[in-house]
Each structure stands twice: as C-alpha cells, then as structure tokens.
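Asks: Once you've had a glance at the structure underneath, I'll fire off some questions.
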Amino acid sequence: MLEQITVVRSIFIQASQERVWKAVTEAEQLSKWYSPGSPWEIPLLQVGETAYFHHSPNSYHVGTEVVTMQATIEIVDAPNRFALRWELDSTDVVMITTFILVKENDGTRVTITETGYETREQAKPTEAGYAMSLENLQAHLEGKSLPH
-14 MLEQITVVRS IFIQASQERV WKAVTEAEQL SKWYSPGSPW EIPLLQVGET
36 AYFHHSPNSY HVGTEVVTMQ ATIEIVDAPN RFALRWELDS TDVVMITTFI
86 LVKENDGTRV TITETGYETR EQAKPTEAGY AMSLENLQAH LEGKSLPH
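Numbering (my numbering), first residue to last: -14 to 133.
Right, dumping it as structure tokens:
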C-alpha cells in the first residue's frame, strides 16, 4: 500500500472569518490571490457542484499553456470549511483540497490541507505553492500588495 501524504499549510490573517470565507469561496477573489492570473469559476457554491480552475503559466505553474482543472465541491460549511475533490486523470489518487477557517483572537487562522500525494518529494512543490498562496491571501485581505 502506498503512503498517503497530506500537505498542510496555515497562516493567521487579520480579518473576520466571514471576510476570509468569501475570499476562499468566491471565484472573483480566488482568482486574485490563489494563483494570480489563473481564473476560477464556481457557478454554484453547493455540495456536488463543479468548480473550474484555469491554471495559467506563472511562478506557481511552469508551462506554456493554461491547464483547466475540474473539481467537485465536497464540503460547504460556512464560514468554517470548504473542500474540493479534484477530478484527476488517475483514478488511483483522490486529491482533496480543504480550507479550514478558525476564529482566533481578532482574526482568522486559515489552514489549507491537500491529500493525494504518494511521496514527500511529490508534495514539496505544493507545500511551497500553498505557502505563497496563503501569503497572498493574507495580503489581499489586509490591504497590502500581493507578495507572489
């Protein structure tokens, strides 16, 4: 049996849980901070519905063309948890990205987890990418320039 690796990244953001919830579930806001220049489509924020992420070449995604990724919304628990199950070519791997929001002092602790990695080496680029995405989310909600 293959080892299952989960990527976990977390950051504190000086913003209400409700503001953070909107930033992680609204396509327009996700398109600004998650991977800048890579648009999202979330036609209906509801379990079982489909979301699309058009991953464009940038510092997160090395390549020459846009890669459209499709996900099924697994969890919508406002304003606490939002999860997407990615539709991958490989049927062996289940990849789920979860945003967990917890009120902390006068802000919100945001944790992103992503399952579906078989080796630490395979998970490393995602760990680095989510660290950058969370720094962007923090800057987006705190009114600063995006660092990545």
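All residues carry an ideal CB built from backbone N, CA and C; glycine is no exception.
Since the structure is predicted, the reported quantities are computational estimates derived from the model, not experimental observations.
#1: DSSP three-state call for T53: helix, strand or coil?
#2: Measure the CB-CB distance between T111 and V(-8) and report whether it falls below 8 Å.
#3: Is S75 helix, strand or coil by DSSP?
#4: Let me know if A63 comes out buried or exposed under the rule of 16 or more other beta-carbons within 10 Å of its beta-carbon.
#5: Return the chain-ordered ranges of every beta strand (DSSP E) run that is complete within the stretch 67 to 120 and spans a minimum of 3 residues.
#6: Between the Cα of E11 and the Cα atoms of A0, P24 and S1, which residue gives the shortest distance?
#7: Considering only DSSP beta bridges, list what E26 is partnered with.
#8: In or out: S130 buried (at least 16 other Cβ within 10 Å) or exposed?
#9: Taking Q(-1) as the reference, give the member of T104, A113 and E89 with the closest Cα.
#10: Which residues mark the beginning and the end of the alpha helix (DSSP H) in which S16 is found?
Replies: Concretely, from the data shown:
#1: By 1-based counting over the sequence shown, the position of residue 53 is 68. Residue state, collapsed to three classes: strand.
#2: For the purposes of this step, residue 111 is taken as the residue at position 126 of the sequence shown. For the purposes of this step, residue -8 is taken as the residue at position 7 of the sequence shown. Yes.
#3: Within the sequence shown, residue 75 is the residue found at index 90, counting from 1. If DSSP states are grouped into helix, strand and coil, S75 belongs with coil.
#4: The residue you call residue 63 lines up with position 78 of the sequence shown. By the neighbour-count criterion, in which 16 or more other beta carbons inside 10 Å mark a residue as buried, A63 falls on the exposed side.
#5: Runs of the beta strand (DSSP E) spanning 3 or more residues and lying entirely within the stretch 67 to 120 occur at 80 to 89 and 92 to 102, in chain order.
#6: Your numbering for residue 11 matches position 26 in the sequence shown. Closest option to E11, judged by alpha-carbon separation, among A0, P24 and S1: P24.
#7: Your numbering for residue 26 matches position 41 in the sequence shown. DSSP, once it has assigned bridges, lists Y37 as partnering E26.
#8: The residue labelled residue 130 in the question sits at position 145 within the sequence shown. Counting Cβ neighbours within 10 Å, S130 comes out exposed, since fewer than 16 surround it.
#9: Translated into the one-based positions of the sequence shown, residue -1 becomes position 14. Taking the Cα of Q(-1) as reference, the smallest distance to any Cα among T104, A113 and E89 is reached at E89.
#10: Counting from one through the sequence shown, the residue named residue 16 turns up at place 31. Looking at the DSSP string, the run of the alpha helix (DSSP H) that includes S16 is A12 to W18.
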